[in-house]
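Chains as they are written, first to last, in the working numbering: chain A, 1 to 176; chain B, 1 to 283; chain C, 1 to 266; chain D, 1 to 295.
The structure appears right after this line, and notes come after that.
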Amino acid sequence: LKKLPSLVTAALLLALQVVLAGYSIDVLPFLRISFSYLASAVTGMLFGPTVAMLSAAAGDILGYCVHPSGVYFPPYMLTAMFSGCLYGIFLYHSPIRLSRVIASKSLVTVFSNLLMNTLWNSMVYGKSFFAILPIRIVKNLVLLPVEIALLFVVCKAAQKVYNTAFLRCGISPRKG
Amino acid sequence: MTPILEAQNLCYTYGTGTPFEKKAVQNVNFKIQQGEFIGVIGHTGSGKSTMIQMMNGLIRPTSGRVLLAGKDIWEEPKKIRAVRFRVGMVFQYPEDQLFEETVMQDISFGPRNMGLTDAEIEKRARDAAKFVGLQDELLDKSPFELSGGEKRRVAIAGVIAMDPDVLVLDEPTAGLDPAGRDVLLSEIVSYHEERGNTIMLVSHSMEDVARVADRVMVMNSSHLQMFDTTQAVFSQDKELESIGLQVPQITKIMSILKADGYPVHTCLTLEEAMEQLLPLLPR
Amino acid sequence: ALGQFIPGKSLLHRLDPRIKLVLTVAFIVYIFVAQNFAGLVLLVVATFALMAVSGVPIKLYFKSMKGILFIVLFTAVLNLFYGTGPVLVQLGFMQITANGIRNAIFIAVRIVSLILFSSILTFTTSPTELTDAMERLLSPLKVFHVKVHEISMMMTIALRFVPTLLDETDRIMSAQKARGADMESGGLMQRIKALIPVLIPLFVSSFRRAYDLAMAMECRCYHGGEGRTKMKVLHLQTIDLVAVVFAILMLAAIILLNILLPASLT
Amino acid sequence: MKEPAMEFIRTEDVHFTYDETHPEEPEKPLHDVLKGVTLSIDRGEFVALLGHNGSGKSTMAKMFNAMLIPAAGKVYVDGMDTADESRTYDIRRQVGMVQQNPDNQLVASIVEEDVAFGPENLGVEPVEIRRRVDEALKAVDMYEYRTCAPYKLSGGQKQRIAIAGILAMQTACIVLDEPTAMLDPRGRAEVMHTIQQLNREKGITIILITHYMDEAVQAGRVVVLDSGRILTQGTPREVFSQVGLLKTHKLDVPQATDLAFRLRGAGCPMPHCVLSIDECVSALEPLLAQKGAEA
């Protein structure tokens, strides 16, 4: 994040991450579809794993400051960071390909949503939490293809627009 | 004749029951006939945005009714989408809503949502593009590569392509330069003349409203303060100024001359003023 | 409005945000450290005391609980069936044990105090204060080449633009609905698909805003964290010290109770 | 010739070309935006830069504070060459800039912290920042909003906060790039009032880029740009007496001015340049009275 435009773009994506978290669709309690992963993934795509990881951590905290609901439990931040990092690893510096999108999102679903979050949930809510694990698995697997498709469309558009938005006028503000 | 659009005791209150409760629109009544060109003026915060968003059911009135061709638009809430196709709405800075890969696809978004056939969609999109003066070679480009003025036209075409009976435009010329403003406005006027449908134009530019509108609505602190012919509204320059609105410069000049006892009457455009003044002036 | 900050002049409002942040995290940890009802009750009492001191109407705290109440009850009920030991009630293949009831109550109380405790922080500290506090707390990490200034700048900007983008989201949604986009009905898949016309313009507008803002910041001589000063300087006061001492005493008490009494949660 | 000490900004035959090597349309020709602009602006002046979109006026604005460097020619600010990278920050301390979109230039979520952003970057002492922030907010008449969040303010108010942010850096000059283009009439009036006040009372050099003639009228000097060149310049009265020229270059001409121009064209003895409603009326009335007396 040497360059100011990158810093600011990452900041705006962070804001978007927080905003999108507010527009989640509740299917059942515990089962919520949120779209903030899109902003996090685009951050990873444009600025790489480190930035995505830090921004995900910041997003977790800010998200709680902005829409305080439920429990603030610090380990959830680790999940967010891990996911951000995965997106960065798979999507950074490469033209968007479906295979990469599939790989990144699937890993996030399995490791972050299913493994890590289940662990944290069980810490907060007691071991009974394993009772609804099957429902969570089904939900995540059903949603996976949709989420992948959405991610693919958004990433493609974002990559294109980002390039045109900043290259178009040829004025990338000069670093003094 | 049944008015195309009618408001009956329209009210809207934001945040009912919270400390932030705010009456945005109160007791608005009006009738608009098919084919009229209506100007809507008023300050930011006067309630005009809320009012126009009730016309196509984006905001549901807290009380009162909106009648489209004599029928309450909320009679069957499930069919509200059909109302939105008949009352097209162009928001402020509409270029922000573009999202498709090509201009053509973006203009087609509305017609496609209407469930039309591909051929019909294509035809409508091309017609709409023509109305706003978009060249054919732009249609296959990405909307994000266009200039600001072109994007604005694409967005307006996207609403025109739904072929609405009533077209509501919220400051369509905001942020354009004077030349761009004039061109866009005359495109809207010729669209109106050709299709003969009803237009509601919200604008801060009194000159523009005076030039194009048949009748003018004046919104002030959530009420419909005046609704009369353009001539009649702008001849009340004192009343308008008292609520902080200006009349067009030309109207103001003529009304000062009139007040000072010269034999002229209210004018809306330069041409009218020239016509009146020339015989009265030495050459 | 953004967040749920309620401006006020209570002791908690005046507490240094850095201290508040650290102590909140500490308390969250305490809640998990406490292994028995005695410790938990101590924490609950402390939470209620702080709520009273905060000067924020108690009913607001309960309002903030509303959203999650169902989850609390739901987990409590589930936990009922997860106990071991002597069976009290047999419902088909499920059974409720004394120990299950105890677990259910314990966990429910724990979740409730977690929520209340984090609410105290967000009610008495504005999001700006929080990001500011975070920046200062993280600054020692500079030693490890973590870009603390950049992260906090990002958070400041993000916080500034969240309301702007929220408005923008509503505006774009309305605009697409006006073009017949259907976002209210249809199955899950359709609803997700209907979001594309909203999501893409949002990203586009974020990039455009970023470009403008980067320009504006450059014009205002922004050049990273080096040589930068701050208008507001935070000083630790006596109450901050008192708060820290209080927190340490709490920790000692909880650990002591853990040692003296058997664990309640199995 | 003016005293050399009075001169604050000088541009010498400035050229600029946007490097439009667009990834998807490489065949698009390079686009000359500025084709030799020579201009001198004095300390304390209020200059309006008028021109339609694409005339190069926004590019010109970015030349004044080294956001852009001329491809050929020179820009000097207070004697410093903008091409000299070691002076970039010294130049930006002298020349602040306000942009078109009021939403996209405020950094912090509290008004006073945003105003403090500039001085913080300059490494000013905290106590001094506080003093400057209060003073700047009072100067733009926004002091009572100091703890507000920017998103609760109107467009005109946000623009005034942006101006305060520049004032707090104690720059000698403010460049405003179409600051009113996105505002409603009330916001426009607020911002113009603030600009006038700063120029008159604090002696701050103002460069106002606009395409509204009624705003340019308020300046001491008007420079009209067209396709990268200076079309004409002078006092508002000198420039706006050339209504025909302005209209052929797609500039906005207020109705009062236009009316007088057309009447003159039709042979009425109207004055050469009419800038406002009042002037127009006071020019018309004697003529109407004269003709009335003849009849």
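Heads up, the beta-carbon is just placed ideally off N, CA and C, and yes, glycines get one too.
Checklist entry - Whose Cβ in chain D lies nearer than 7 angstroms to the Cβ of Asp-177 of chain B? => result Neighbours of Asp-177 of chain B on chain D, chain order: His-52, Asn-53, His-211.
| said: Looking only at its chain, what residues have a beta carbon closer than 8 angstroms to the beta carbon of Glu-101 of chain B, apart from the 5 residues adjacent to it on each side? | reply: Ser-142
Along the segment 162-182 of chain C, what residues have a CB closer than 8 angstroms to any CB found in chain B? Glu-168, Arg-171, Ile-172, Ser-174, Ala-175, Gln-176, Lys-177, Ala-178, Arg-179, Gly-180, Ala-181, Asp-182
Tell me whether Asp-258 of chain D is buried or exposed, calling it buried when 16 or more other Cβ atoms sit within 10 Å of its Cβ. Classification for Asp-258 of chain D: buried.
With a threshold of 9 angstroms between beta carbons, is Lys-3 of chain A in contact with chain F? This model lacks chain F altogether, as its protein chains are A, B, C and D.
Applying a beta-carbon distance threshold of less than 8 angstroms, which residues of chain A neighbour Phe-144 of chain B?
Correct list: Lys-160, Val-161, Thr-164, Ala-165.
Item to check | Beta-carbon proximity check, Ile-166 of chain D vs Gly-123 of chain D, cutoff 9 angstroms | outcome: no
* Test: Ala-157 of chain A CB closer than 9 angstroms to a CB of chain B -> Answer yes: the Cβ-Cβ gap between Ala-157 of chain A and chain B drops below 9 angstroms somewhere.
* Do Val-108 of chain A and His-67 of chain A have their CB atoms nearer than 9 angstroms? -> By the CB criterion at 9 angstroms, Val-108 of chain A and His-67 of chain A fall outside the cutoff.
message = Tell me the residue span of the alpha helix (DSSP H) that contains Met-270 of chain D.
response = No alpha helix (DSSP H) contains Met-270 of chain D, which DSSP labels as neither H nor E.
> Over what stretch of residues does the alpha helix (DSSP H) that includes Asn-27 of chain B continue unbroken?
Replying inline: Element bounds for Asn-27 of chain B: not the alpha helix (DSSP H) but the beta strand (DSSP E), 22-32.
Q.
According to DSSP, simplified to helix, strand and coil, what is Asp-13 of chain D?
A. Assignment of Asp-13 of chain D by DSSP, reduced to helix, strand and coil, places it in the strand class.
In whole angstroms, what is the alpha-carbon distance linking Asp-127 of chain B and Thr-117 of chain B?
15 angstroms
Check your understanding: The alpha helix (DSSP H) with Asn-199 of chain D in it runs from where to where?
Key -> 185-202
**Q.** CA nearest to the CA of Arg-92 of chain D, picked from C:Ala-247, C:Ser-139, C:Met-215, C:Asp-132
**A.** C:Met-215
- prompt: Excluding five sequence neighbours on each side, which residues of the same chain lie with their C-beta closer than 7 angstroms to the C-beta of Gly-44 of chain D?
  reply: Gly-203, Thr-205
Item to complete: Report the neighbours of Met-217 of chain C on chain D: residues whose CB is nearer than 9 angstroms to its CB, in chain order.
Response: Gln-105, Val-107, Phe-117, Asn-121
Are Gly-84 of chain A and Leu-119 of chain A closer than 9 angstroms when you measure CB to CB?
no
### Query
Could you give the residue range of the beta strand (DSSP E) that holds Val-98 of chain D?
Counting along the chain, Val-98 of chain D sits inside the beta strand (DSSP E) bounded by residues 95-98.
Check: Between the Cα of Tyr-255 of chain A and the Cα atoms of A:Thr-9, A:Leu-38, A:Pro-95, A:Met-116, which residue gives the shortest distance?
Finding: Since the first residue shown for chain A is 1 and the last is 176, residue 255 of chain A is missing from the structure and cannot be characterised.
Would you mind listing the alpha helix (DSSP H) stretches within the segment 93-158 of chain A that are 4+ residues and don't spill past its ends, in chain order? Runs found: 98-107, 117-125.
Review point. Who are the neighbours of Arg-81 of chain B on chain C, taking C-beta pairs under 7 angstroms?
Key: Gly-180, Asp-182
Exercise. Are Ser-46 of chain B and Ser-221 of chain B close, meaning C-beta to C-beta below 9 angstroms?
Worked result: Yes. Within cutoff.
Where His-249 of chain D sits in the DSSP three-state scheme
Of the three classes helix, strand and coil, the one that applies to His-249 of chain D here is coil, per DSSP.
query = How many Å lie between Ile-230 of chain D and Glu-12 of chain D at the Cα?
reply = 12 angstroms
- In terms of residue numbering, what span does the alpha helix (DSSP H) encompassing Ala-39 of chain A cover? 36-66
Cβ shell of Ala-103 of chain A (< 7 angstroms), same chain only, five flanking positions each side left out:
Phe-90
Label Pro-248 of chain B either buried or exposed according to how many other C-beta atoms from any shown protein chain fall within 10 Å of its C-beta, with 16 as the threshold for buried.
buried
Inter-residue Cα distance where the pair is Ser-152 of chain C and Ala-116 of chain D
16 angstroms
Original post:
At least one CB of chain B closer than 9 angstroms to the CB of Ile-196 of chain C: is that the case?
Top reply: yes
**Prompt:** Per DSSP, what kind of secondary structure is Lys-74 of chain D in: helix, strand or coil?
**Reply:** strand
Check: On the three-pair Cβ rule with 8 angstroms, is the segment 102-111 of chain C touching the segment 72-83 of chain C?
Finding: yes
Looking at the C-beta of Asp-84 of chain D, does it have a partner C-beta in chain C at a distance below 9 angstroms? no
Margin query: Are the CB atoms of Leu-20 of chain A and Ala-158 of chain C within a distance shorter than 9 angstroms?
Written below: no
Next item on the list: Pick helix, strand or coil for Cys-11 of chain B, following the three-state DSSP scheme.
Entry: strand
In whole angstroms, give me the CA-to-CA distance for Leu-278 of chain B and Leu-263 of chain D. 7 angstroms
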